[in-house]
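So the sequence shown is residues 4 to 202, counted in my numbering. Heads up, the beta-carbon is just placed ideally off N, CA and C, and yes, glycines get one too.
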Amino acid sequence: KVKVNTMAVADYQVSEEVAIERKTAKDFVDSIVDKRLFKQARMMMEEFKKPIMILEGNDFYSGFINPNAIRGAMTSIALDYGISIIPTRTEEDTAAMIKRIAIREQKGEKRSIQIRTERKPQNLWEQQLFIIESLPNIGPVHAKRLLEHFGTVKAVLEADEKKLQEVEGIGKKTAKNIREVVEGKYLYFKKDDNQKKLK
């Protein structure tokens, strides 16, 4: 299922963490000339954990810009902004690649537990995002949307399934999972006792 939306950054979002920017050789060169490239790269880096840039075509070095400038821009995108670069040959190749990325990434969305290894949040808004990102299937983009919509962590946690689904990207399944986590009793100790009895 494909959902069409206007996005502030990137061309395709295939999961909570992964977004893809597609650039032909002309797009890439033009964005270097008008200085859009690194602004876009910074926004992708800030919005998504796993940004990807697809470079489509074989004529990246045939224009008026020095090839070393092209190579330098590609190097900066990968090393300075942490954006994975994937080359494709044609529009059809690009479509097939995006489909493959989506299949692989969306299979991974079945996991509901995220292991947090990032640095500890320093200020209030980082702490608020950190708490909301700990909810099932919620990454940085949806955490930000939830907080912007409800205003506080408390309001997010108190929202029912219907209210949660008012936020872009929060579907019925995710809303249900959030309510189950918020309302469910803590049963780990019972699970542990049952495991001991089985030994």
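Buried or exposed for residue i, going by 16 or more other Cβ atoms inside 10 Å?
i	result
Arg-25	buried
Glu-151	exposed
Thr-91	buried
Ala-72	exposed
Val-36	exposed
Ala-158	exposed
To the nearest angstrom, how far is it from the Cα of residue i to the Cα of residue j?
i	j	result
Glu-19	Lys-38	27 Å
Asp-33	Tyr-189	55 Å
Lys-113	Asn-69	Its pLDDT being 46, under 50, Lys-113 is placed unreliably by the model, and the measurement read from it follows with that caveat. Distance between the alpha carbons of Lys-113 and Asn-69: 45 Å.
Val-144	Phe-41	20 Å
Leu-149	Val-156	9 Å
Phe-153	Glu-183	19 Å
Ala-76	Asp-14	19 Å
Glu-136	Gln-43	24 Å
Glu-95	Arg-107	19 Å
Thr-27	Leu-58	6 Å
Met-100	Gly-60	13 Å
Ala-81	Glu-186	42 Å
Leu-160	Ile-141	13 Å
Tyr-84	Arg-74	15 Å
Gln-16	Phe-51	9 Å
Ile-88	Lys-102	16 Å
Asn-126	Glu-49	17 Å
Trp-128	Val-170	19 Å
Gln-130	Thr-93	43 Å
Leu-201	Lys-166	The pLDDT assigned to Leu-201 is 48, lower than 50, so where the model puts this residue is not dependable; a value taken from the coordinates is nonetheless given after this. Each residue's Cα considered, the two are about 42 Å apart.
Leu-132	Ala-162	16 Å
Is the shortest distance between the beta-carbon of residue i and the beta-carbons of chain D less than 8 Å?
i	result
Gly-75	Reference to chain D is not applicable here, since this structure consists of a single protein chain.
Could you check whether residue j and residue i sit closer than 8 Å to each other, using their CB atoms as the reference points?
i	j	result
Ile-173	Pro-139	no
Met-86	Met-56	Before going on, a small fix: residue 86 reads as Ile here, not Met. A contact, by the Cβ cut-off of 8 Å.
Pro-54	Ala-22	yes
Ala-178	Glu-164	yes
Phe-63	Phe-31	yes
Gln-168	Lys-176	no
For a test of the three-state rule: what should DSSP assign to residue i, helix, strand or coil?
i	result
Ser-34	helix
Ile-181	helix
Glu-95	helix
Ile-141	coil
Arg-103	helix
Arg-39	coil
Thr-120	Reliability of the predicted coordinates at Thr-120 is poor, the pLDDT of 40 falling under 50, and no value is obtained from them.
Ala-44	helix
Lys-188	coil
Glu-171	coil
Ile-68	coil
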